[in-house]
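Taking it in order: structure first as structure tokens, then the write-up.
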Amino acid sequence: MIVRIAFLFIAFLLGAPSALPQTTTGPDKGTLIVHGGGRMQDDIAQKFIELAGCDDGKIVVVPTAAGGDNFGERSLEIFKKYGARNVTLLHTRDRKTANSEEFIKPLKEATAVWFGGGRQWRLVDAYSGTKAEEAFREVLERGGVVGGSSAGATIQGSFLARGDTRNNQIMSGDHKNGFGYIKNVAIDQHVIARNRQFDMFDILKERPELLGLGIDENTAIIVKKNEFEVVGENYVVVYDGTFWSREGTSLKTVPKAPFYFLRRGDRYDLANRKVIPRRR
210 MIVRIAFLFI
220 AFLLGAPSAL
230 PQTTTGPDKG
240 TLIVHGGGRM
250 QDDIAQKFIE
260 LAGCDDGKIV
270 VVPTAAGGDN
280 FGERSLEIFK
290 KYGARNVTLL
300 HTRDRKTANS
310 EEFIKPLKEA
320 TAVWFGGGRQ
330 WRLVDAYSGT
340 KAEEAFREVL
350 ERGGVVGGSS
360 AGATIQGSFL
370 ARGDTRNNQI
380 MSGDHKNGFG
390 YIKNVAIDQH
400 VIARNRQFDM
410 FDILKERPEL
420 LGLGIDENTA
430 IIVKKNEFEV
440 VGENYVVVYD
450 GTFWSREGTS
460 LKTVPKAPFY
470 FLRRGDRYDL
480 ANRKVIPRRR
């Protein structure tokens with residue numbers, strides 16, 4: 210009996226870490242722009258170019274998530290429209306190519322990387338574990354900016370929401386690992402526009418330690434270290450297991466699966482998982 214109890218106690222200790230809250234953290238250096246899809250607003254595009262270094266910036270656009278033949282031309286046009294002079298398109302689906310020094314040359318001097326929309330698992334299949342993925346991260350480590358829209362937003366999290374090759378309605382699919390620029394987080398996009406605000410709970414039921422972020426269209430978060438600020442037209446949905454009221458309302462009954470909304474100008478502390486009060 211004593212041996213059995215001891216065994217169960219050890220098993221509990223070994224299994225406990227997965228159930229414990231884990232710290233969500235952003236990048237130590239550099240900046241992330243995580244865009245929920247839809248139209249790219251002027252101020253967000255201009256902010257990306259500014260963070261890239263304005264006229265001196267070297268932007269690399271990665272359109273690999275897309276499935277068609279229009280590989281990133283729209284992103285190139287948008288950034289050039291706002292004054293970016295040095296924009297390079299970088300794409301392959303061949304992992305051997307992605308692991309070559311020749312392919313990653315543009316990334317060695319890049320000050321910014323932008324991941325286009327499509328299906329996020331295509332980015333994983335092409336680049337995960339290659340020299341290209343390492344070079345993407347090195348842009349951040351040099352103090353640069355990494356951004357992305359739709360699939361290019363989700364890939365920035367550690368858990369890959371909608372990463373199934375069969376369809377994008379499966380929240381926890383056959384590809385589960387993103388590039389992890391924000392640790393211990395799952396990121397969804399097009400959330401309100403496509404009535405996806407409840408979908409995140411499929412992931413959180415499986416991985417309750419994660420922070421869930423749902424970013425609507427025409428909206429983004431700008432992440433520096435462990436804080437982000439909301440920019441754009443619509444809302445960001447936060448799934449951190451708590452209730453937050455903009456008006457200070459105290460609910461007598463909090464839902465078992467709560468979430469709340471942040472809007473332009475709101476800031477959030479990733480590490481402590483709480484809203485940062487607005488400056489007065």
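With the working numbering, letter number 80 in the sequence shown gets 289, and the count goes up by one each step, no holes.
Positions of the beta carbon are idealized from the N, C-alpha and C atoms, including for glycine.
1. Report the CB separation of F468 from Q406 in whole angstroms; it is logged as a contact under 8 Å.
2. Runs of 3 residues minimum, wholly inside the segment 292-376: which ones carry the beta strand (DSSP E) assignment?
3. Only counting the same chain, and skipping five residues up and downstream in sequence, which positions put a Cβ closer than 8 Å to that of R491?
4. To the nearest angstrom, how far is the alpha carbon of G441 from that of R403?
5. Identify the continuous beta strand (DSSP E) that holds D383 and give its terminal residues.
6. How many angstroms separate the CA atom of R375 from the CA atom of E282?
7. Only counting the same chain, and skipping five residues up and downstream in sequence, which positions put a Cβ closer than 7 Å to that of N393?
8. So what's Q398 in DSSP terms, helix, strand or just coil?
9. Kindly identify the DSSP beta-bridge partner or partners of L260.
10. What does the alpha-carbon distance come out to for the pair G292 and Q255?
11. Could you give the C-beta distance for G537 and G361, rounded to a whole number, given that I count them as a contact under 8 Å?
12. At 3 residues or longer, and completely inside the segment 419-444: list those beta strand (DSSP E) runs for me, N to C.
13. Which class does R283 belong to by DSSP, given the choice of helix, strand or coil?
14. Using DSSP with H/G/I as helix, E/B as strand and the rest coil, what is F468?
15. Run through the DSSP bridge pairs and tell me what L413 is partnered with.
16. Between the Cα of D449 and those of L479, V432, F312, D425, spot the shortest distance and give me the residue it belongs to.
17. Hey, could you find the ends of the beta strand (DSSP E) D478 is sitting in?
18. Apart from the five residues on each side of it in sequence, which residues of its chain come closer than 8 Å, Cβ to Cβ, to R472?
Here's the rundown:
1. 7 Å
2. 296-298, 321-324, 354-358, 366-368
3. The requested residue 491 does not occur in the structure, where the chain is confined to residues 210 to 489.
4. 17 Å
5. Counting along the chain, D383 falls outside any beta strand (DSSP E), and DSSP gives it neither H nor E.
6. 27 Å
7. Q231, T232, T233, S367, E418, L419, L420
8. strand
9. Looking at the DSSP assignment, L260 forms no beta bridge with any residue, so it has no partner.
10. 8 Å
11. The displayed coordinates of the chain run from 210 to 489. Any statement about residue 537 would go beyond what the structure contains.
12. 420-424, 428-433, 436-441
13. helix
14. coil
15. Beta-bridge pairing links L413 to no other residue.
16. L479
17. 476-478
18. V439, N443, Y444, V445
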